[in-house]
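For what it's worth, the numbering used here labels the leading residue of the sequence shown as 383, then goes sequentially. Think of the CB as a built atom: it goes at the ideal place given N, C-alpha and C, for glycine as much as any other residue. As structure tokens, the structure follows; a few thoughts come after it.
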Amino acid sequence: MMILLLVLLCCTAVAGVSVIITTKHLGIPPMPSSRAAREQVLVFLGRYHQGKVIQELGSGWGGLTRKIAMKFPDQDVLGVEASFLPCLFSKLSAFLSGPGNLSYIRANFLKTSLSPGRSYVCYLSTALMETLQERLSEKLHPGFVIISMVFAFSGREPLDEVLVDEVFHDKIYVYRGME
Ligand SMILES: C[S@@+](CC[C@H](N)C(=O)[O-])C[C@H]1O[C@@H](n2cnc3c(N)ncnc32)[C@H](O)[C@@H]1O
């Protein structure tokens with residue numbers, strides 16, 4: 383019993399340290415988005431998404447990708463997450479309880495290719511939005527739809543935006559293409 387407890391404690395400590403190290407490296411914790419933000423993302427996807435693939439950049443523990451996959455069963459929903467533990471958790475829960483159109487990869491989305499015709503969802507930071515904007519501007523793909531929770535691209539007019547939290551002034555932004 384004592385050994386089992388020790389093993390459990392060690393696993394929890396290693397898991398905690400792994401999340402802290404990745405958070406430090408990426409500059410952002412795997413903090414889940416709010417319920418109101420997620421509901422609005424689903425509304426915007428219903429309104430603007432046109433392709434066959436919806437991808438979340440930094441999918442955290444997988445809560446939002448799961449909601450998207452359940453709401454859009456005819457779409458392939460892919461979560462990309464760099465942090466080991468949240469990604470493992472997401473993969474396990476998709477493996478154990480589906481839905482079948484949901485999958486995850488552990489990767490740095492800044493190093494993966496971003497394809498035209500897909501819709502991207504993210505909840506990142508001001509710094510990561512700047513880097514993402516630079517990458518997308520290089521690619522010149524007008525087919526993109528990007529839905530960003532809370533953080534906007536600087537100097538770029540969104541196609542649509544909605545306030546979801548009056549206290550913190552949090553908005554959800556939609557961008558199309560990057561001309
Ligand atoms: C604030 S959390 C949002 C989680 C989830 N999108 C949600 O809405 O609940 C941001 C996530 O992005 C991940 N992340 C940050 N930079 C990344 C990168 N370059 N590649 C992959 N994941 C990244 C972090 O590990 C973190 O889990």
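Quick one: does the C-beta of F471 sit closer than 7 Å to a heavy atom of ligand 1? no
Q422 classed as buried or exposed, judged by whether at least 16 other C-beta atoms fall within 10 angstroms: buried
Based on Cα-Cα distance, which residue from S485, E512 and R417 lies nearest to L492? E512
Close beta carbons around L460, own chain, < 6 Å, minus the five adjacent residues each side: Q437 and S485
Look at V350 and I529 and say whether their C-beta atoms are less than 8 Å apart. Beyond the ends of the chain as shown, which are 383 and 561, falls residue 350; an answer cannot be given.
In whole angstroms, what is the alpha-carbon distance linking V399 and L390? 14 Å
Any non-hydrogen atom of ligand 1 within 7 Å of S530 CB: no
Which runs of the beta strand (DSSP E), 3 residues or longer, sit entirely within the region 407-473? 435-439 and 458-463
State the DSSP-derived secondary structure class of E548, mapped to helix, strand or coil. coil
At a threshold of 7 Å, does V462 count as lining ligand 1 (C-beta to nearest heavy atom)? yes
Would you say S465 and V401 are within 8 Å of each other, going by their C-beta atoms? yes
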